[in-house]
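Below: one structure, written as structure tokens.
Protein chains: 2
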Amino acid sequence: MPDDTPAAGAKTLDNGIRVLKAVAAHPQGLGVTEIARVVGIHRTVAYRLLGTLTQHSLVSLGKDGHYRLGPGVVELSMSLRSDLRSVARPHLRDLAEATGATAHLTILDGQDAVSIAVVEPGNVGVHVAYRVGFRHPVTVGAAGLAILLGRSPQPGERAEVTAGRGRGFAASQGELQSGAWGLSAPVTGVDGEPVASVGVIALGPLDEAATSSLVLRAADCLRRATEFT
Amino acid sequence: MPDDTPAAGAKTLDNGIRVLKAVAAHPQGLGVTEIARVVGIHRTVAYRLLGTLTQHSLVSLGKDGHYRLGPGVVELSMSLRSDLRSVARPHLRDLAEATGATAHLTILDGQDAVSIAVVEPGNVGVHVAYRVGFRHPVTVGAAGLAILLGRSPQPGERAEVTAGRGRGFAASQGELQSGAWGLSAPVTGVDGEPVASVGVIALGPLDEAATSSLVLRAADCLRRATEFT
DNA sequence: TCTCCTGGTGCTATTATCGCACCTCAAGTG
DNA sequence: CACTTGAGGTGCGATAATAGCACCAGGAGA
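This is how it looks when you write it as structure tokens:
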């Protein structure tokens, strides 16, 4: 279902990554034969690939003969944007506590927006559970739109982007999840290029005036905190 | 330095993963030539590999021509032990709040222990920053020792393991980090096999009686919460 | 017992990969 | 300004790694 990419430069690596993603997509574990069928490769090929992946702890073989994702992947993801993320975490925490909503840091990847850090408020009983690694089109939802705010105006862009550019933040309601309200602001890098966006998600309408000032302040802190790198 | 593994089943995949890890190890970004030198492969090989990795969003090419880790890796790590992790998070949060120390969930990978979830207390000014994905020998530190508690007695095991088996938890002091005190308990799976350990890390001596009961209770909750899977 | 499906393993034809030569471009350097 | 040096990027052939076959072993179920 994912990865209908026709071909890649390195076939073996490509197959290996597809195997890895197949394993990741099935938390309950997959056998060699199943993996081969899902990925569309020969059983023995999958076998070898899994061996290599196992050596790197990217997958691990359970006693039931099923492969599951291994601890190596979190070691990798650790260092992704560790600068941005570690800098962002305290600000996200403050943001979450102050607004009582789920705060998140989202970056751009191609045509998608991907959340890379989420902090949920501790003092609120019910809140939006926003997952780290959640991927969605950048043109949908406040988090994505905020990143587009940081870019120079594009022909054919959504009206919300053009409108939000003056305000400095983007707001959305129910675009990614019905009932969820979002408000995000862009974080630009040293050269003014869009890097990411910070924002909050709540289960109901947000006080735009109060929330936006908090979000904008967090975005500003992040921008200044990362401009030394 | 890492990965002195002589050979793996699939050479191309192996090289690709090495490239990925090399990129991960240098958050400031690496050029093609540098990557090739670090990994020990030809420049053009690295080039192709990076192309494939880029297609899968595992790495991304910045405007400065440097490759950095891409968002795809967090998507992968999302689903690692998502059952255990999502179940554990609220318990870790409780543990962190109750003890005022950093709570963590650690799993076994070969001869190493790897932390896969960490919750830091919110109401304490200074606390131990324990990183997700931190890897260390399983025979060092309370987190690793606790996992060994869950296993059947091994010849030559550390005295602390044998001693701790009666109490049901392991404690250590300054093994991984001088000044850090740890206390962990094993989480066993349905078949009694060691799955992981939960514990806390603090900057000073822990009240063993009070802390251990909290940690043991968290471990018990986890054990029961995961036995349906 | 027999069958069927699974995991696992040598082995060779074939195919993907490696590494060379080559090009472009930008930054130093005389 | 010409020259050098080092970077990224690309086409192509020989070679080496891989794909897929045949085959073995074991467990579940009929």
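Quick mapping for you: the protein sequence lines, in order, are chains A and B. Using my numbering, the first residue of the first sequence is number 1, and each one after it goes up by one. Using my numbering, the first residue of the second sequence is number 230, and each one after it goes up by one. Backbone N, C-alpha and C define an ideal beta-carbon position, used for all residues, glycine too. Every value quoted in this text rests on a predicted model; they were computed, and no experiment measured them.
Interface flag, residue 426 of chain B vs chain A, CB-CB below 8 Å: So, not an interface residue.
Residue 267 of chain B versus residue 276 of chain B - alpha carbon distance: Approximately 13 Å between the Cα atoms of the pair.
Counted within 10 angstroms of its Cβ, other Cβ atoms place residue 231 of chain B as buried (16 or more) or exposed: Note that residue 231 of chain B scores 43 on pLDDT, short of 50, meaning its location in the model is unreliable; the coordinates nonetheless yield the value given after this. By the neighbour-count rule (16 or more Cβ atoms within 10 Å), residue 231 of chain B is not buried but exposed.
Close beta carbons around residue 270 of chain B, own chain, < 6 Å, minus the five adjacent residues each side: In the same chain as residue 270 of chain B, and ignoring 5 residues on each side of it, the C-beta atoms closer than 6 Å to its own belong to 244, in chain order.
DSSP state of residue 2 of chain A mapped onto helix, strand, coil: Confidence at residue 2 of chain A is low in this model, with a pLDDT of 44, below 50, so its placement is unreliable and no value can be given for it.
Minimum C-alpha distance to residue 255 of chain A - residue among A/168, A/188, A/153 and A/140: No information on residue 255 of chain A is available, as it lies outside the stretch 1 to 229 that chain A covers here.
Interface residues of chain A facing residue 254 of chain B [CB-CB closer than 8 Å]: Correct list: 79.
Where the region 72-102 of chain A meets chain B: residues whose CB sits under 7 Å from a CB there: Within the region 72-102 of chain A, the qualifying residues are 73, 74, 75, 76, 77, 78, 79, 80, 82 and 83.
Inter-residue Cα distance where the pair is residue 108 of chain A and residue 453 of chain B: Distance between the alpha carbons of residue 108 of chain A and residue 453 of chain B is about 39 Å.
Positions along the region 359-371 of chain B whose CB lies within less than 9 Å of some CB in chain A: Flagged, chain order: 360, 361, 362, 363 and 364.
Proximity to residue 31 of chain A [Cα-Cα], best of A/52, A/19 and A/65: Taking the Cα of residue 31 of chain A as reference, the smallest distance to any Cα among A/52, A/19 and A/65 is reached at A/65.
Beta-carbon proximity of residue 320 of chain B to residue 450 of chain B, cut-off 8 Å: Contact flag set, yes.
Buried versus exposed, by CB contacts within 10 Å (16 or more), residue 167 of chain A: Exposed: under 16 other Cβ atoms inside 10 Å.
Cutoff 7 Å; reference residue 93 of chain A; Cβ partners in own chain excluding five residues on either side: The answer, listed in chain order, is 119.
Short-range partners of chain A found in the region 279-291 of chain B, where Cβ spacing is below 8 Å: For chain A, the residues of the region 279-291 of chain B that bring a beta carbon within less than 8 Å of one of its beta carbons are 280, 281, 282, 284, 285, 286, 287 and 289, in chain order.
Counted within 10 angstroms of its Cβ, other Cβ atoms place residue 240 of chain B as buried (16 or more) or exposed: Answer is exposed; the Cβ neighbour count stays below 16.
Complete runs of the alpha helix (DSSP H) confined to the region 136-204 of chain A [at least 4 residues]: Counting only unbroken stretches of 4 or more residues, the alpha helix (DSSP H) elements lying wholly within the region 136-204 of chain A are 142-150 and 159-167, in sequence order.
Per-residue DSSP class, three states only, for residue 293 of chain A: Because residue 293 of chain A is not part of the residues shown, which for chain A are 1 to 229, the question remains open.
Inter-residue Cα distance where the pair is residue 29 of chain A and residue 329 of chain B: The straight-line gap from Cα to Cα measures roughly 36 Å.
Residue 377 of chain B versus residue 367 of chain B: straight-line alpha-carbon distance, rounded: Roughly 8 Å separates the two Cα atoms.
Residue 415 of chain B, buried or exposed, once every other Cβ within 10 Å from all chains shown has been counted against 16: By the neighbour-count criterion, in which 16 or more other beta carbons inside 10 Å mark a residue as buried, residue 415 of chain B falls on the buried side.
Partner residues on chain A for residue 345 of chain B, Cβ-Cβ distance less than 7 Å: The CB of residue 345 of chain B comes closer than 7 Å to the CB of 71 and 74 in chain A, given here in chain order.
Under the three-state DSSP convention, the category residue 346 of chain B falls into: Reduced to three states, the DSSP call for residue 346 of chain B is strand.
Boundaries (first-last residue) of the beta strand (DSSP E) holding residue 331 of chain B: Run containing residue 331 of chain B: 331-338, per the beta strand (DSSP E) assignment.
Top-ranked residue by Cα proximity to residue 196 of chain A, from A/57, A/55 and A/226: Comparing Cα positions, the closest option is A/226.
is_contact[residue 14 of chain A, chain B] using C-beta, thresh 8 Å: Closer than 8 Å to the CB of residue 14 of chain A there is at least one CB belonging to chain B.
8 Å contact criterion, which residue 74 of chain A and residue 345 of chain B should meet: CB distance rounded: Residue 74 of chain A to residue 345 of chain B, Cβ: 6 Å. Contact.
Best match in B/447, B/436, B/437 and B/431 for proximity to residue 331 of chain B [C-alpha to C-alpha]: Measuring C-alpha to C-alpha distances from residue 331 of chain B to each of B/447, B/436, B/437 and B/431 identifies B/431 as the nearest.
Any chain B beta carbon closer than 8 Å to residue 1 of chain A: Bear in mind that the predicted position of residue 1 of chain A carries a pLDDT of just 39, short of 50, making it too unreliable to give a figure here.
Bounding residues of the beta strand (DSSP E) (the contiguous stretch that carries residue 289 of chain B): Counting along the chain, the beta strand (DSSP E) containing residue 289 of chain B begins and ends at 288-290.
Beta-carbon proximity check, residue 297 of chain B vs residue 306 of chain B, cutoff 8 Å: It is not a contact, given that the beta carbons lie outside the stated cut-off.
CB contact check: residue 234 of chain B to chain A, cutoff 8 Å: With a pLDDT of only 44 at residue 234 of chain B, under 50, the local geometry of the prediction cannot be trusted, and the value read off the model is given with reservation. Yes, residue 234 of chain B lies at the interface with chain A (some Cβ there is under 8 Å from its Cβ).
Span of the alpha helix (DSSP H) around residue 20 of chain A: Looking at the DSSP string, the run of the alpha helix (DSSP H) that includes residue 20 of chain A is 11-25.
Residue 135 of chain A versus residue 112 of chain A: straight-line alpha-carbon distance, rounded: For the pair residue 135 of chain A and residue 112 of chain A, the Cα-to-Cα distance works out to about 6 Å.
Supposed contact pair residue 413 of chain B and residue 358 of chain B - C-beta distance, whole angstroms, cut 8 Å: The distance from the Cβ of residue 358 of chain B to that of residue 413 of chain B is about 17 Å, inconsistent with a contact at the 8 Å cut-off.
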